[in-house]
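Trainee:
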Amino acid sequence: MASTHIHLWRSEDTTSFPYGRPGARSNAHAGQPYRVALLIPMCGAAGMWAPSCIASAEVALNELNASTGIAGCPVEVVVIDAAVEAETPVETLIDDLISQGRIDAIVGMHISAVRQKIIGIVRGRIPFIYTPLYEGGEASPGVFTIGDMPARQLGPAIGYMSRRFKLKKWALIGNDYIWPRVSHAYAKIQLRRHHRELVFESYLPFNSKRIADAVETIGKSGADAVLISLVGQDAVAFNRIFGAMKLHLTTFRLSCAIEENGLLASGEQNLHRLFSSASYFAGLDTPGNAEFREKYHSLHQERAPMLNALGQSTYEGLHFLASLVDQPDQDWRAHRMPSSRPIAYKSARRGLYVTNADNKSPVFLARANGFVFDDLQRLP
3 MASTHIHLWR SEDTTSFPYG RPGARSNAHA GQPYRVALLI PMCGAAGMWA PSCIASAEVA
63 LNELNASTGI AGCPVEVVVI DAAVEAETPV ETLIDDLISQ GRIDAIVGMH ISAVRQKIIG
123 IVRGRIPFIY TPLYEGGEAS PGVFTIGDMP ARQLGPAIGY MSRRFKLKKW ALIGNDYIWP
183 RVSHAYAKIQ LRRHHRELVF ESYLPFNSKR IADAVETIGK SGADAVLISL VGQDAVAFNR
243 IFGAMKLHLT TFRLSCAIEE NGLLASGEQN LHRLFSSASY FAGLDTPGNA EFREKYHSLH
303 QERAPMLNAL GQSTYEGLHF LASLVDQPDQ DWRAHRMPSS RPIAYKSARR GLYVTNADNK
363 SPVFLARANG FVFDDLQRLP
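Residue numbers (my numbering): 3 to 382.
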């Protein structure tokens with residue numbers, strides 16, 4: 003059975019976290035729960051990730067509440083829609099919840115454009131743990147990033163695939179916001195470094211009607227490989243069209259954000275020559291992942307969504323938050339100072355946080371095989 007300490011936020015529901023507490027932790031010893039806002043996209047292009055994000059967070063929530071919770075308090079989580087297409091801008095809601103003392107921390111698994119808006123509202127008042135892969139460079143006070151970044155996730159993958167498969171010409175396609183653009187700027191540096199040619203580059207709005215046109219142009223460009231930085235359903239649409247045009251028979255694909263949910267939605271027949279680079283895959287062979295998988299499937303049984311990197315990141319985000327807040331003799335606001343110690347946290351992928359620019363989790367390149375990724379090759 004799923005945890006009773008997780009709630010879905012509804013704008014008309016005044017019973018979700020109904021009581022304000024100015025000076026949020028002042029009542030920490032009065033039996034009040036430690037309240038975490040879990041920000042995930044629940045609609046739009048990225049909404050397909052929501053079920054696995056919630057399901058993974060429930061595993062962490064049960065583990066924490068079976069132990070000492072966070073800051074010695076039982077943990078409650080409220081899930082808030084952080085999609086760019088959400089009816090209520092998430093930053094407006096978060097500002098109200100913080101001002102009213104109704105949340106103690108944020109764990110966010112959403113796109114970088116949303117993160118930037120939230121940071122401007124939070125202003126370091128509560129810890130903000132950002133869990134997915136992103137473009138790097140985040141240094142705002144109180145913001146902790148634990149996901150993969152291009153220097154370790156993308157650069158080595160481009161080099162490995164270019165050498166192994168003798169790929170000479172690359173195409174780049176992504177949604178039009180900061181993560182694809184910054185990642186592709188890094189990718190172009192790597193292509194020049196490896197003496198590869200860029201033959202196509204395009205950025206599309208979410209839910210674009212022009213994906214088919216872009217795929218057709220890629221097919222005519224002579225590209226040997228394409229880097230896909232489209233989000234959620236946009237990546238699924240790209241893969242389906244790519245397969246329908248038979249380009250998957252000749253052209254390699256690389257993504258840093260297509261995960262097992264994306265494979266399932268894309269269709270097995272459209273997945274030939276598709277690779278993904280990440281520090282987590284459902285089939286990752288680590289003791290931490292074996293324990294996580296067992297608890298995940300025991301909790302959710304036949305209702306369990308597909309395990310994947312983006313969903314799993316909320317599990318690690320809650321555990322990272324607990325380790326951050328419970329650091330002995332160190333306030334979370336002071337972390338990332340020169341004297342700060344690395345933060346070890348319960349992880350399915352051997353995570354160890356040093357700074358936002360330095361997370362020690364190994365990164366792998368994996369190949370789609372049906373609805374799973376296998377043949378994991380550890381990248382340098």
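Ideal Cβ positions, reconstructed from N, Cα and C, are used throughout, including at glycine.
All figures in this text were calculated on a predicted structure; none of them were measured in a lab.
Report yes or no: do the stretch 109-122 and the stretch 308-321 share at least 3 C-beta pairs separated by less than 8 Å?
Mentor: Contact between the stretch 109-122 and the stretch 308-321 is present, because at least three Cβ pairs lie under 8 Å.
Trainee: Just to confirm, is the Cβ distance from K362 to V356 under 9 Å?
Mentor: For the purposes of this step, residue 362 is identified with residue 360 of the sequence shown, where counting begins at 1. For the purposes of this step, residue 356 is identified with residue 354 of the sequence shown, where counting begins at 1. Closer than 9 Å, so yes.
Trainee: When the Cα atoms are used, what is the spatial distance from D83 to A52?
Mentor: Position 81 of the sequence shown holds residue 83. Position 50 of the sequence shown holds residue 52. Roughly 9 Å between the two C-alpha positions.
Trainee: Looking only at its chain, what residues have a beta carbon closer than 7 Å to the beta carbon of G161, apart from the 5 residues adjacent to it on each side?
Mentor: Taking the first residue of the sequence shown as 1, we reach residue 161 at position 159. Q192 and H196, listed in sequence order.
Trainee: Rounded to the nearest angstrom, what separates L378 and R37 at their Cα positions?
Mentor: By 1-based counting over the sequence shown, the position of residue 378 is 376. By 1-based counting over the sequence shown, the position of residue 37 is 35. Near 37 Å, if we compare the C-alpha coordinates of R37 and L378.
Trainee: Can you check which of these residues, T70, N263 and G157, is closest to V374 by C-alpha distance?
Mentor: Residue numbering aside, residue 374 sits at position 372 when the sequence shown is read from its first letter. For the residues T70, N263 and G157, the minimum Cα distance to V374 belongs to N263.
Trainee: Out of curiosity, what's the CA-to-CA distance linking F167 and A239?
Mentor: For the purposes of this step, residue 167 is identified with residue 165 of the sequence shown, where counting begins at 1. For the purposes of this step, residue 239 is identified with residue 237 of the sequence shown, where counting begins at 1. Answer to the nearest angstrom: the Cα atoms are 25 Å apart.
Trainee: Let me know if G157 comes out buried or exposed under the rule of 16 or more other beta-carbons within 10 Å of its beta-carbon.
Mentor: As a first step, residue 157 must be located in the sequence shown, where it is residue number 155. G157 comes out buried.
Trainee: I'd like to know if the stretch 171-179 and the stretch 201-216 are in contact, where contact means that at least 3 CB-CB pairs between them fall below 8 Å.
Mentor: Taking 8 Å as the limit for Cβ pairs, the verdict is that the stretch 201-216 does touch the stretch 171-179.
Trainee: Looking at C-alpha atoms only, which residue of H250, G313, R335 and Q329 is the closest neighbour of A370?
Mentor: For the purposes of this step, residue 370 is identified with residue 368 of the sequence shown, where counting begins at 1. Checking every option, the nearest Cα to that of A370 belongs to H250.
Trainee: Could you have a look at I108 and say whether DSSP puts it in helix, strand or coil?
Mentor: Along the sequence shown, one-based indexing puts residue 108 at 106. It is a strand residue.
Trainee: For the putative contact between V79 and I96, defined by C-beta atoms under 8 Å, what is the C-beta separation to the nearest angstrom?
Mentor: By one-based count along the sequence shown, residue 79 stands at place 77. By one-based count along the sequence shown, residue 96 stands at place 94. About 14 Å; that fails the 8 Å criterion.
Trainee: By alpha-carbon positions, which one of D150, L301 and R117 ends up nearest to A311?
Mentor: For the purposes of this step, residue 311 is identified with residue 309 of the sequence shown, where counting begins at 1. Nearest of D150, L301 and R117 to A311, Cα basis: D150.
Trainee: DSSP on L309, reduced to helix/strand/coil?
Mentor: Start at 1 with the first residue of the sequence shown, and residue 309 comes out as number 307. L309: coil per DSSP, three-state reduction.
Trainee: Any idea what DSSP makes of A141, helix, strand or coil?
Mentor: Numbered from its first residue, the sequence shown carries residue 141 at position 139. Three-state result, A141: coil.
Trainee: From the DSSP output, which residues share a beta bridge with V77?
Mentor: Numbered from 1 along the sequence shown, position 75 holds the residue referred to as residue 77. Answer by DSSP bridge pairing, in chain order: Y36.
Trainee: Counting along the chain, where does the beta strand (DSSP E) carrying A173 start and finish?
Mentor: Along the sequence shown, read from residue 1 onward, the residue named residue 173 stands at position 171. Here the beta strand (DSSP E) through A173 covers K171 to N177.
Trainee: Q155 to L229, Cα distance in whole Å?
Mentor: Stepping through the sequence shown from its first residue, residue 155 is reached at position 153. Stepping through the sequence shown from its first residue, residue 229 is reached at position 227. Approximately 12 Å, taken between the alpha carbons.
Trainee: Looking only at C-alpha atoms, which of A359, L286 and T90 sits nearest to L135?
Mentor: To locate residue 135, count along the sequence shown from 1; it is residue 133. That would be A359, whose Cα lies nearest to the Cα of L135.
Trainee: Give the single residue among Q271, H299, L273 and N272 whose Cα lies nearest to the Cα of A284.
Mentor: Within the sequence shown, numbered from 1, the residue matching residue 284 stands at position 282. Checked all of Q271, H299, L273 and N272; the closest Cα to A284 is H299.
Trainee: Alpha carbon to alpha carbon, how far is T252 from L354?
Mentor: To locate residue 252, count along the sequence shown from 1; it is residue 250. To locate residue 354, count along the sequence shown from 1; it is residue 352. Roughly 39 Å separates the two Cα atoms.
Trainee: P330: buried (16+ other C-beta within 10 angstroms of its C-beta) or exposed?
Mentor: For the purposes of this step, residue 330 is taken as residue 328 along the sequence shown, with counting starting at 1. It is exposed - the Cβ of P330 has fewer than 16 other Cβ atoms within 10 Å.
Trainee: Near E87, which residues of its chain fall below 6 Å by C-beta distance, leaving aside the five closest residues on each side in sequence?
Mentor: As a working note, residue 87 is residue 85 in the sequence shown. Once the five neighbours on either side are set aside, the close Cβ partners of E87 are C45 and G46.
Trainee: Could you pull out every residue in the same chain whose Cβ sits closer than 7 Å to the Cβ of A306, ignoring the five residues on either side in sequence?
Mentor: Here residue 306 refers to the residue found at position 304 of the sequence shown. Cβ within range, chain order: A57, Y298 and H299.
Trainee: If you draw a straight line from the alpha carbon of G313 to that of S54, how long is it in whole angstroms?
Mentor: Within the sequence shown, residue 313 is the residue found at index 311, counting from 1. Within the sequence shown, residue 54 is the residue found at index 52, counting from 1. Cα to Cα, G313 sits roughly 5 Å from S54.
Trainee: Applying the 10 Å Cβ sphere with the 16-neighbour rule, what's the burial state of A368?
Mentor: Residue 368 sits at position 366 when you count from the first residue of the sequence shown. Label assigned to A368: buried.
Trainee: Would you say M308 and A227 are within 9 Å of each other, going by their C-beta atoms?
Mentor: Working through the sequence shown from its first residue, we reach residue 308 at position 306. Working through the sequence shown from its first residue, we reach residue 227 at position 225. Not closer than 9 Å, so no.
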